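Data first, discussion second: the structure below is written as structure tokens.
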Amino acid sequence: MSEGYFAYIKRIVVPSLLVLAFALPALSQPRTDRKERKHEGAEHVIDTYWNALFTPERYSRALDEIARMPDEMDGKKASSLMAATRWEGIGPLAVRMSPTINFHGRIRAIRWYNNPLTGNLETFLGASSGGVWKDNFALVARVWSSLGDNLPNPSVGALLVDPGEPNTMWVGTGDWRRYGGAGLFKTTNRGGTWTRARITTADVLPFAITGLEYGATRSTMYMSSWNGFFRSTDGGESWSQRILGSSGANVGIYNMVVDRQHPDTIYLSGGFARGFFKSTNGGSSFTTINNGIDLRRMGTTAPIAISQSSPNILYIAADDSSGGTGRIYKSTDGGDNWNPTPAPLPYCAAGQSFHAHAIAVSPVDPNKVYVGSVGFIRSADGGATWTWRESGHSDITHIAFHPTDPNFVYVLSDGGIFVHTDASNTVRNNGEVFVPSAPIQAYALESAWSNQKVLVSGTQDNGTLITERGGEQSEMWRSIGGCDGANTIAVHPLNPDLIFFNSWCGPSNPRLRTRTMGRSGNEDISRGLSEIYYTPIRMNKAGTNYLFTITRTQLFLSKDEGESWLGATGAATDFGADEAPRSMIV
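Converting from the sequence shown to my numbering requires adding 35 to each position, the first position being numbered 1.
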């Protein structure tokens with residue numbers, strides 16, 4: 036089975052789990068006997084993870100110990116321990132939205148490889164939480180297969196295929212600000228086995244690798260990550276961190292581009308408005324190239340792109356940290372100087388650049404530029420004017436041109452991979468690039484007690500999906516709600532046709548909804564509630580109609596299936612977080 040079918044947590048909020056254990060009649064009775072407890076252990080672990088406090092040596096040792104645990108647990112061998120356990124992937128898989136559009140989960144990386152043994156142009160994809168996928172172009176009906184079943188971490192942020200060894204591939208794990216990785220991995224047998232590269236710099240732990248490139252030869256390799264820039268001069272056997280700029284600061288890198296005409300020239304975009312960097316000696320040293328750029332208004336990410344046909348021309352897509360329209364910067368002298376391009380329409384990031392942001396220049400036309408985030412725009416005149424384009428799905432993570440036909444632009448996003456036709460401004464992803472077996476990112480799974488073949492899953496930016504066949508046929512999953520499906524689902528214990536769920540369509544449209552199967556449409560049941568972003572919702576499984584939800588400040592009960600809500604008195608009124616707790620148990 037391919038790893039990553041269900042990614043349950045989008046990001047950690049403390050407290051991430053709230054256990055509510057009380058009797059229903061006691062909703063109005065204050066608790067006076069509970070002692071306040073501090074969860075130093077849990078908070079310390081979370082801080083350690085997100086702030087990268089582990090040293091690489093300790094982290095690598097921990098991963099090795101985890102890998103050995105099944106063999107050593109209770110003195111039993113893994114083969115005997117797992118002999119009676121068999122896991123089967125049941126989805127949710129792609130959701131057909133139209134005859135030409137299918138949604139199938141967040142994709143972060145794409146590579147092509149012209150296989151000299153078969154003469155086929157092969158495509159490789161890296162999923163944010165679903166591993167690595169490869170197509171078989173030789174077949175009439177395009178078939179995709181997973182290469183990441185044995186990958187220790189299914190979160191993929193970067194790919195690199197060895198141009199001289201068709202079975203060798205490098206995978207950088209972790210997704211920028213979303214899912215922690217486990218480092219850099221290499222396979223020499225098309226994913227049969229993976230080995231982790233040892234990076235021994237004392238204060239470095241590359242949780243999220245954002246880019247992998249070759250230098251002038253296959254011996255020289257570049258890697259950008261949340262924890263800075265790394266270089267290998269021995270084909271990936273060893274890696275060293277390189278200092279950026281004169282200050283010697285360690286800068287998280289959002290993206291990296293290499294001048295393929297002069298592969299010793301590297302450009303880096305620092306995250307969190309840390310600036311931009313250039314090396315002309317293969318990464319031995321870097322200088323800052325911020326002249327003309329207002330870093331004070333720079334958002335979380337600002338990807339950089341190069342024209343490979345005219346490598347002195349570069350572009351930067353910058354979201355506005357103050358909530359403005361953002362801007363596109365252009366350089367015609369290799370990054371020495373930058374000028375903002377005219378922006379006659381609202382910028383397409385809309386405050387989502389921390390999550391998804393991409394820019395790309397046509398490999399044959401330095402004036403043709405695409406920028407994507409929530410929306411998708413194009414300039415055909417070097418940034419003088421911009422027009423909206425069709426992308427298939429919002430939250431664009433990467434843009435790439437087909438290696439032999441630049442009229443086809445591949446748009447990677449939270450909805451999967453889409454092919455945009457430049458000449459006609461049309462988009463599709465069925466057939467040529469549809470990945471029917473690639474997993475959608477799922478936050479949560481809920482089943483009905485009275486009919487456990489009814490499964491409901493909230494997915495990341497692909498709505499709420501349901502199957503009534505227990506996953507026997509994964510293609511039978513269908514949508515009952517759009518936007519961000521969140522991790523808040525409840526199925527009535529005695530009536531599996533009645534489903535309660537949360538959807539998030541933006542700050543102005545968070546909703547708790549109910550769906551009665553067999554009827555069209557959903558009913559909004561969030562009346563009287565506020566601050567319901569990712570709000571947990573649970574039903575008493577004793578068979579009553581009692582429905583519970585919780586906001587950032589209060590617990591609520593409904594006795595009429597969401598028609599009205601009663602705020603609990605005597606319960607906690609502040610859970611110490613900016614948002615509502617993500618889970619609760621009733």
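No residue lacks a Cβ here, since even glycine has one placed at the ideal position from N, Cα and C.
Here the structure is a predicted model, which is why all the values come from computation and not from measurement.
| Check | Outcome |
| --- | --- |
| Beta-bridge partners of S414, as assigned by DSSP | V404 |
| Proximal residues to P424 (C-beta, below 6 Å), its chain only, five neighbours per side dropped | For clarity, residue 424 is Arg in the given sequence; the question names Pro instead. Same-chain partners within the cutoff: F411, R413 and N460. |
| N188 versus W168 - alpha carbon distance | 14 Å |
| Spatial neighbours of T376 in its chain, beta-carbon cut-off 6 Å, leaving aside the 5 residues before and after | I363, K365 and G418 |
| Sequence-distant residues of the same chain with beta carbon closer than 6 Å to Q495, five excluded per side | Q476 |
| Between the CA atoms of N442 and V399 - distance to the nearest angstrom | 10 Å |
| Neighbourhood of W373 by C-beta, 6 Å cutoff - its chain only, sequence neighbours within 5 removed | G327, I328, Y364 and S366 |
| CA-to-CA distance, Y289 to H390, given in whole angstroms | 11 Å |
| Spatial distance of P346 from I394 (CA atoms) | 15 Å |
| Reference E598, options L564, G498 and R146, closest by Cα | L564 |
| Beta-carbon contacts of W484 that lie in its chain and below 7 Å, excluding the five residues immediately before and after | P528 and K576 |
| Proximity test, E596 beta-carbon vs the ligand SAH heavy atom, cut-off 7 Å | The ligand SAH is not part of the structure shown, which contains no ligands of any sort. |
| Proximity below 8 Å, CB of F138 to CB of N497 | yes |
| For G165, the nearest candidate out of A144, A353 and F321 (CA to CA) | A144 |
| Per DSSP, cross-strand counterpart(s) of I341 | L349 |
| N86 versus A193: straight-line alpha-carbon distance, rounded | At N86 the pLDDT is 45, less than 50, meaning the model places this residue with poor confidence; the figure from the coordinates comes in the next sentence. Those two C-alpha atoms are separated by around 21 Å. |
| C-beta contact flag for G451 and H428 at 8 Å | yes |
| Chain-order list of residues whose beta-carbon lies under 7 Å from that of D416 (same chain, five-residue window excluded) | N402 |
| Where Q589 falls, given that 16 or more other Cβ within 10 Å makes a residue buried | buried |
| Contact between the segment 268-275 and the segment 288-302 (3+ Cβ pairs under 8 Å) | no |
| Environment of E123 [buried if 16+ CB atoms lie within 10 Å] | exposed |
| Separation of G126 from I534, as counted between CA atoms | 19 Å |
| Distance CB(G310)-CB(T323) smaller than 8 Å | yes |
| Segment limits, beta strand (DSSP E) that includes M204 | M204 to T208 |
| Close-in-space but distant-in-sequence residues of the same chain around G407 (CB under 7 Å, 5 per side omitted) | C383, A393, S426, I431, I434 and V446 |
| Residues sharing a beta bridge with H297, DSSP | Answer is none; H297 lacks a bridge partner. |
| Bounding residues of the beta strand (DSSP E) (the contiguous stretch that carries G246) | I244 to Y249 |
| First through last residue of the beta strand (DSSP E) which encompasses H455 | G451 to T456 |
| Secondary structure of L186, DSSP reduced to three states | coil |
| N-terminal and C-terminal residue of the beta strand (DSSP E) that A393 is part of | A393 to V396 |
| Simplified DSSP state of R332, which is helix, strand or coil | helix |
| Extent of the continuous beta strand (DSSP E) run through I431 | I431 to F436 |
| Buried or exposed by the 16-neighbour rule on C-beta atoms within 10 Å, applied to P151 | exposed |
| Pairwise C-alpha distance: M574 and N486 | 16 Å |
| DSSP bridge partner residues for K169 (one or two, in chain order) | F159 and S180 |
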